[in-house]
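Student: Below you will find the structure I want to go over with you.
Protein chains: 2
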Amino acid sequence: MLMKMTGDNNITEVARRTRRRRTGAAAKKPTVADIARAAGVSTATVSRALNKPDAVSAKLRNKVARKVRELGYVPSGAARALASNRSFTIGTVIPTLNNAIFAASVDAFEETLSRHGYTLLVTVSNYDRPHEIEQVRRLLERGVDGLMLIGLDHPEEVWQMIERSACPAVAIWGHNDKPRVPCIGFDNAAAAEHAVDHLVELGHRRIGMVAGLSFGNDRARARRAGVERALAKHGLPVVPALFTEKAYSHDYGRDGLTELLSHGAPPTAIMCGNDVLAMGVMFEARDRGIAIPDDLSVVGFDNLPITSQLRPALTTIEVPSVPIGMASANAIVAYLTDGSPIQSKSFPAPFVMRATTQSVR
Amino acid sequence: MLMKMTGDNNITEVARRTRRRRTGAAAKKPTVADIARAAGVSTATVSRALNKPDAVSAKLRNKVARKVRELGYVPSGAARALASNRSFTIGTVIPTLNNAIFAASVDAFEETLSRHGYTLLVTVSNYDRPHEIEQVRRLLERGVDGLMLIGLDHPEEVWQMIERSACPAVAIWGHNDKPRVPCIGFDNAAAAEHAVDHLVELGHRRIGMVAGLSFGNDRARARRAGVERALAKHGLPVVPALFTEKAYSHDYGRDGLTELLSHGAPPTAIMCGNDVLAMGVMFEARDRGIAIPDDLSVVGFDNLPITSQLRPALTTIEVPSVPIGMASANAIVAYLTDGSPIQSKSFPAPFVMRATTQSVR
DNA sequence: TTGAAAGCGCTAACAA
DNA sequence: TTGTTAGCGCTTTCAA
Numbered sequence: 137m138l139m140k141m142t143g144d145n146n147i148t149e150v151a152r153r154t155r156r157r158r159t160g161a162a163a164k165k166p167t168v169a170d171i172a173r174a175a176g177v178s179t180a181t182v183s184r185a186l187n188k189p190d191a192v193s194a195k196l197r198n199k200v201a202r203k204v205r206e207l208g209y210v211p212s213g214a215a216r217a218l219a220s221n222r223s224f225t226i227g228t229v230i231p232t233l234n235n236a237i238f239a240a241s242v243d244a245f246e247e248t249l250s251r252h253g254y255t256l257l258v259t260v261s262n263y264d265r266p267h268e269i270e271q272v273r274r275l276l277e278r279g280v281d282g283l284m285l286i287g288l289d290h291p292e293e294v295w296q297m298i299e300r301s302a303c304p305a306v307a308i309w310g311h312n313d314k315p316r317v318p319c320i321g322f323d324n325a326a327a328a329e330h331a332v333d334h335l336v337e338l339g340h341r342r343i344g345m346v347a348g349l350s351f352g353n354d355r356a357r358a359r360r361a362g363v364e365r366a367l368a369k370h371g372l373p374v375v376p377a378l379f380t381e382k383a384y385s386h387d388y389g390r391d392g393l394t395e396l397l398s399h400g401a402p403p404t405a406i407m408c409g410n411d412v413l414a415m416g417v418m419f420e421a422r423d424r425g426i427a428i429p430d431d432l433s434v435v436g437f438d439n440l441p442i443t444s445q446l447r448p449a450l451t452t453i454e455v456p457s458v459p460i461g462m463a464s465a466n467a468i469v470a471y472l473t474d475g476s477p478i479q480s481k482s483f484p485a486p487f488v489m490r491a492t493t494q495s496v497r
Numbered sequence: 137m138l139m140k141m142t143g144d145n146n147i148t149e150v151a152r153r154t155r156r157r158r159t160g161a162a163a164k165k166p167t168v169a170d171i172a173r174a175a176g177v178s179t180a181t182v183s184r185a186l187n188k189p190d191a192v193s194a195k196l197r198n199k200v201a202r203k204v205r206e207l208g209y210v211p212s213g214a215a216r217a218l219a220s221n222r223s224f225t226i227g228t229v230i231p232t233l234n235n236a237i238f239a240a241s242v243d244a245f246e247e248t249l250s251r252h253g254y255t256l257l258v259t260v261s262n263y264d265r266p267h268e269i270e271q272v273r274r275l276l277e278r279g280v281d282g283l284m285l286i287g288l289d290h291p292e293e294v295w296q297m298i299e300r301s302a303c304p305a306v307a308i309w310g311h312n313d314k315p316r317v318p319c320i321g322f323d324n325a326a327a328a329e330h331a332v333d334h335l336v337e338l339g340h341r342r343i344g345m346v347a348g349l350s351f352g353n354d355r356a357r358a359r360r361a362g363v364e365r366a367l368a369k370h371g372l373p374v375v376p377a378l379f380t381e382k383a384y385s386h387d388y389g390r391d392g393l394t395e396l397l398s399h400g401a402p403p404t405a406i407m408c409g410n411d412v413l414a415m416g417v418m419f420e421a422r423d424r425g426i427a428i429p430d431d432l433s434v435v436g437f438d439n440l441p442i443t444s445q446l447r448p449a450l451t452t453i454e455v456p457s458v459p460i461g462m463a464s465a466n467a468i469v470a471y472l473t474d475g476s477p478i479q480s481k482s483f484p485a486p487f488v489m490r491a492t493t494q495s496v497r
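Protein chains in written order, with the working numbering: chain A, 137 to 497; chain B, 137 to 497.
Structural data, given as structure tokens:
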């Protein structure tokens, strides 16, 4: 501390040292300036060598590359984001990761993003709307370049924040003619409707449903609506007592069956809002000695891997979660790369006929 | 463009306008300076009002808050990170989200982080080591404040990057006396060993294993090691033909059983590396008419929700994935908040005895 | 193809 | 308690 320096430098140096102390005395991480100095070029050249190599002569490019390696230089994402207004980061808020179908989509989404140099910021809402608003706000603060949301059912505040921030967004899993943001998904209602058509063809007339919770969940609602639409189409009654909504677990599925069975004229076929509920129904039926599909037909939704292993194997609907994840990531990246507008898209959700459905006896 | 201005201002203004055009002509997002001006205070006061409200008089605090709302101000995470050297972002690289157990941990991890104002950056390695290195590098570039890794088996480069960057890290799911970074998990080997003890107690002498792939996977390796250790302890032979490693799917589990069955003296009990493999074994046994547990005992690992619903219900080992996720998030946050060192911790992994194990007949 | 230099928006040291 | 101001490390004009 005894060295002499000019006033200005002194202040600068003190500040610099103070900062360093905070970081932990030790390693001063190299910056572009350090690389530039070591390579005998300007910081602009270093930046260019790193980001648009073609704009730099091979000689300098190599020299820079060598120094980067030698000094163990790691660019600062924050500085880069601040200067370029791009974070190479995409945000998402999903209800929960603890659901095989969401996880598969997110997995595919991340993988695709990663391939293009983007990192995924994951946030979960727990199906809580205020919390979702908060999460979107935070993602926007973090400066994400794009946003992915599950479904089309979001608080107005969410849409507004997205619009104000001009952040490109895509909603997945849903399907709608005039969504607030482009939507890459499939037609939940049509898929459910088609399954019921099949049941009706088999001769079922008393068809019930153990649906997923529809509040704030447009997919669950669409599936239920599809069932009701099909019933109406076939001139069948929608018996309220034969429709119940349950949270996502095997046990709730069991409860669902118990509930429908308590009706004077129980259903001969049950459409379920998802495979987990359908499995719950199957388990409860098994424990009650109700034979599936002889006494009762059951249809699931999602086509989880295990459903094909059960006996009887579950008839269900395949959800294109991986294609959706990939397509939405690609759409966002394309938009960010060359401005191609994000197009809504609907994937097919094939009906998977297996062994839990049979002609009514 | 006909207005006059001084040389210096001119340059500045042009640059400013150019930037703005890139962003999309329209909305000039407000900055601290705008808020400061509107509220008639300094930028420092705005910053303080936002970050450490107690350091600002109630009057100014309110004034600032009002202007923030009025102008729709959203702080820039990048600028904040650059200036403060903190991103309030934690990174993780997991093998895949498409695995109920990881997903549950990550879900709990994120939730806990979120509660403390942190956002989770998720990255997946797909069990690919070079890719994992790349992902860690990217997370570090993004300036994460902390890192969460699955297991203790990582490329040397990963450890080095973590050390060089002085980024606090925690490994989860594993257990080891001298891990490279603190480890919050459970003793996979001991849990597996305990399960085998149980099998031996039931009189089993020919015990096989359908293990998970152990390459680059210390958990799978530990589970296998635990089984071998238990066998040795009881003076039982480790028959190589009775040990096989399989990837994560029901079908591979089926293959595993087929393989062990081809041995002259097939096992009377099979320990599995995870529940999915165990279910595969059960399904294959069912299809072959092998009665579980009468003809064959089976033990899984993970205690997936569905295992309790199967008949017979699967005997397995409970993995504390949610506690692990929460504890590791809390540990990182505590470190970041007040420097409390991250302590390794091992949770119990209880043996869940159900109906797939029985005395050898 | 290269360099000089002006910011990007914020925080924090220091002075008042 | 508040204001001034110097950066944080990078990108991107603009000029050469």
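All C-beta atoms in this analysis are idealised placements derived from N, C-alpha and C, irrespective of residue type, glycine included.
Spatial neighbours of Met345 of chain A within its chain, please: CB distance less than 8 Å, with the 5 preceding and 5 following residues excluded, ordered by chain position.
Tutor: Your numbering for residue 345 of chain A matches position 209 in the first sequence. Cβ neighbours of Met345 of chain A beyond the five flanking positions: Arg360, Val363, Leu378, Phe379, Thr380, Ile406, Met407, Cys408, Gly409.
Student: Tell whether a beta-carbon distance below 8 Å holds between Glu277 of chain A and Val455 of chain B.
Tutor: Along the first sequence, read from residue 1 onward, the residue named residue 277 of chain A stands at position 141. Along the second sequence, read from residue 1 onward, the residue named residue 455 of chain B stands at position 319. No. Outside cutoff.
Student: Hey, would you say His399 of chain B sits closer than 8 Å to Val496 of chain B, going by beta carbons?
Tutor: On the second sequence, residue 399 of chain B is found 263 positions in, with the first residue counted as 1. On the second sequence, residue 496 of chain B is found 360 positions in, with the first residue counted as 1. No, Cβ-Cβ distance for His399 of chain B and Val496 of chain B is not below 8 Å.
Student: For Ala151 of chain B and Asn221 of chain A, what's the separation of their Cα atoms in angstroms?
Tutor: By one-based count along the second sequence, residue 151 of chain B stands at place 15. By one-based count along the first sequence, residue 221 of chain A stands at place 85. Interpretation of Ala151 of chain B is limited by its pLDDT of 36, a score under 50 that renders its predicted location unreliable; the figure taken from the coordinates is listed afterwards. Going from the Cα of Ala151 of chain B to the Cα of Asn221 of chain A covers about 14 Å.
Student: For Asn179 of chain B, return the contacting residues in chain A, with the cut-off set at a CB-CB distance below 7 Å.
Tutor: Residue mapping note: residue 179 of chain B aligns to position 43 of the second sequence, counting from 1. For the sequence presented, residue 179 of chain B should be read as Thr rather than Asn. Correct list: empty, because the minimum Cβ distance to chain A is about 16 Å.
Student: Distance check for Ile320 of chain B and Gln494 of chain A, CA to CA, integer angstroms please.
Tutor: The count along the first sequence starts at 1 and reaches residue 494 of chain A at position 358. The count along the second sequence starts at 1 and reaches residue 320 of chain B at position 184. C-alpha separation (whole angstroms): 50 Å.
Student: What is the DSSP secondary structure of Ala217 of chain B, reduced to helix, strand or coil?
Tutor: Residue 217 of chain B sits at position 81 when you count from the first residue of the second sequence. Looking at Ala217 of chain B - three-state DSSP - the assignment turns out to be helix.
Student: For Phe351 of chain A, does the count of other Cβ atoms within 10 angstroms reach 16, so buried, or fall short, so exposed?
Tutor: Here the question's residue 351 of chain A lines up with position 215 in the first sequence. Looking at its Cβ environment, which holds fewer than 16 other Cβ atoms inside 10 Å, Phe351 of chain A is exposed.
Student: Can you check DSSP and say which residues form a bridge with Gly227 of chain B?
Tutor: Taking the first residue of the second sequence as position 1, residue 227 of chain B is located at position 91. B:Leu257, B:Leu283.
Student: Quick check on Glu247 of chain B - is its C-beta less than 8 Å from some C-beta in chain A?
Tutor: Walking along the second sequence from the start, residue 247 of chain B turns up at place 111. Yes, its Cβ sits closer than 8 Å to a Cβ of chain A.
Student: Quick one: is Met489 of chain B buried, meaning 16 or more other Cβ sit within 10 Å of its Cβ, or exposed?
Tutor: Within the second sequence, numbered from 1, the residue matching residue 489 of chain B stands at position 353. Met489 of chain B should be labelled exposed.
Student: What is the DSSP secondary structure of Val306 of chain B, reduced to helix, strand or coil?
Tutor: Locating residue 306 of chain B in the second sequence gives position 170, counting from the first residue. Strand.
Student: Take Tyr471 of chain B and list the residues in its own chain whose beta-carbon comes closer than 6 Å to its own, dropping the five residues that flank it on each side.
Tutor: Numbered from 1 along the second sequence, position 335 holds the residue referred to as residue 471 of chain B. Closer than 6 Å at Cβ, skipping near neighbours: Pro304, Ile478.
Student: Check each residue of the stretch 362 to 386 of chain A: if its Cβ is closer than 9 Å to any Cβ of chain B, include it; give the result in chain order.
Tutor: Answer set for the stretch 362 to 386 of chain A: Ser385, His386.
Student: Could you work out which residue in B:Arg205, B:Phe224, B:Pro403 is closest to Ala214 of chain B when comparing CA atoms only?
Tutor: Looking up residue 214 of chain B in the second sequence gives position 78. Nearest C-alpha to Ala214 of chain B: B:Phe224.
Student: Report yes if the C-beta distance between Gly461 of chain B and Ala244 of chain B is below 8 Å; otherwise report no.
Tutor: Working through the second sequence from its first residue, we reach residue 461 of chain B at position 325. Working through the second sequence from its first residue, we reach residue 244 of chain B at position 108. Yes, Cβ-Cβ distance for Gly461 of chain B and Ala244 of chain B is below 8 Å.
Student: Between Val332 of chain A and Leu367 of chain A, how many whole angstroms is the CB-CB distance? I'm expecting something under 8 Å.
Tutor: For the purposes of this step, residue 332 of chain A is identified with residue 196 of the first sequence, where counting begins at 1. For the purposes of this step, residue 367 of chain A is identified with residue 231 of the first sequence, where counting begins at 1. Going by Cβ atoms, the distance from Val332 of chain A to Leu367 of chain A rounds to 7 Å, so yes, they are a contact pair.
Student: Just to make sure I have the definition right: I need the residues of chain B whose C-beta is within less than 9 Å of the C-beta of Thr259 of chain A. Which are they?
Tutor: For the purposes of this step, residue 259 of chain A is taken as the residue at position 123 of the first sequence. Within chain B, the residues near Thr259 of chain A are Glu246, Ser250, Thr255, Leu256.
Student: Determine, using beta-carbon pairs with one atom in the stretch 415 to 432 of chain A and one in the stretch 391 to 398 of chain A, whether at least three such pairs fall under 8 Å.
Tutor: In short, these stretches touch, since the Cβ pair count reaches three.
Student: Would you mind stating whether Val272 of chain B and Ser464 of chain B have Cβ atoms separated by less than 8 Å?
Tutor: Residue mapping note: residue 272 of chain B aligns to position 136 of the second sequence, counting from 1. Residue mapping note: residue 464 of chain B aligns to position 328 of the second sequence, counting from 1. No. Outside cutoff.
Student: Straight-line CA distance for Met297 of chain A to Ser250 of chain B?
Tutor: Translated into the one-based positions of the first sequence, residue 297 of chain A becomes position 161. Translated into the one-based positions of the second sequence, residue 250 of chain B becomes position 114. Distance between the alpha carbons of Met297 of chain A and Ser250 of chain B is about 19 Å.
Student: If you draw a straight line from the alpha carbon of Asp430 of chain A to that of Asn234 of chain B, how long is it in whole angstroms?
Tutor: Taking the first residue of the first sequence as position 1, residue 430 of chain A is located at position 294. Taking the first residue of the second sequence as position 1, residue 234 of chain B is located at position 98. Whole-angstrom Cα-Cα distance: 34 Å.
Student: Would Asn324 of chain B be called buried (16 or more neighbouring beta carbons within 10 Å of its own) or exposed?
Tutor: The count along the second sequence starts at 1 and reaches residue 324 of chain B at position 188. That one is buried.
Student: In terms of residues, what are the limits of the beta strand (DSSP E) holding Glu165 of chain A?
Tutor: Position 29 of the first sequence, counting from 1, holds the residue named residue 165 of chain A. The sequence shown places Lys at residue 165 of chain A, rather than the Glu named in the question. Here Lys165 of chain A belongs to no beta strand (DSSP E), and DSSP marks it neither H nor E.
Student: Could you tell me if Asn439 of chain A is buried or exposed, where buried requires 16 or more neighbouring beta carbons within 10 angstroms of its beta carbon?
Tutor: Numbered from its first residue, the first sequence carries residue 439 of chain A at position 303. It counts as buried.
Student: Which of helix, strand or coil does DSSP assign to Arg371 of chain B?
Tutor: Numbered from its first residue, the second sequence carries residue 371 of chain B at position 235. The question names Arg, yet the displayed sequence has Gly at residue 371 of chain B. If DSSP states are grouped into helix, strand and coil, Gly371 of chain B belongs with coil.
Student: Using a Cβ-Cβ distance cut-off of 8 Å, determine whether Gln479 of chain B contacts chain A.
Tutor: Position 343 of the second sequence, counting from 1, holds the residue named residue 479 of chain B. No, because no Cβ of chain A sits closer than 8 Å to the Cβ of Gln479 of chain B.
Student: So Ala236 of chain B is in the alpha helix (DSSP H); what residue range does that whole segment cover?
Tutor: To locate residue 236 of chain B, count along the second sequence from 1; it is residue 100. From DSSP, the alpha helix (DSSP H) with Ala236 of chain B extends over 236 to 251.
Student: Use the C-beta contact count for Glu292 of chain A: other C-beta atoms within 10 angstroms, 16 or more gives buried, fewer gives exposed.
Tutor: What you label residue 292 of chain A is simply residue 156 of the first sequence in a count that begins at 1. With fewer than 16 Cβ atoms within 10 Å of its Cβ, Glu292 of chain A is classed as exposed.
Student: For chain B, check one thing: does any of its Cβ atoms lie closer than 8 Å to the Cβ of Leu218 of chain A?
Tutor: As a first step, residue 218 of chain A is located in the first sequence; it is residue number 82 there, counting from the start. So yes, Leu218 of chain A belongs to the interface.
Student: On the criterion of 16 or more Cβ atoms from any shown chain inside 10 Å, does Ala191 of chain A qualify as buried, or is it exposed?
Tutor: Looking up residue 191 of chain A in the first sequence gives position 55. Answer is exposed; the Cβ neighbour count stays below 16.
Student: Along the beta strand (DSSP E) that carries Met345 of chain B, what are the first and last residues, could you check?
Tutor: To locate residue 345 of chain B, count along the second sequence from 1; it is residue 209. Here the beta strand (DSSP E) through Met345 of chain B covers 343 to 348.
Student: When the distance is taken between beta carbons, is Phe238 of chain A closer than 8 Å to Ser482 of chain A?
Tutor: As a working note, residue 482 of chain A is residue 346 in the first sequence. As a working note, residue 238 of chain A is residue 102 in the first sequence. No; because the gap between Cβ atoms is not below 8 Å, this pair is not in contact.
Student: Mind pulling the chain A residues with CB within less than 8 Å of Asn234 of chain B?
Tutor: The sequence position of residue 234 of chain B within the second sequence is 98, counting from 1. Correct list: Ala236, Ala239, Ala240, Asp243.
Student: Kindly list the residues whose CB is nearer than 6 Å to the CB of Leu335 of chain A, restricted to its own chain and excluding five residues on each side of it in sequence; keep chain order.
Tutor: Residue mapping note: residue 335 of chain A aligns to position 199 of the first sequence, counting from 1. Hits under 6 Å: Ile343, Ala405.
Student: Can you give me the start and stop residues for the beta strand (DSSP E) that Ile478 of chain B sits inside?
Tutor: Along the second sequence, read from residue 1 onward, the residue named residue 478 of chain B stands at position 342. It is not in any beta strand (DSSP E) - Ile478 of chain B carries neither H nor E in the DSSP assignment.
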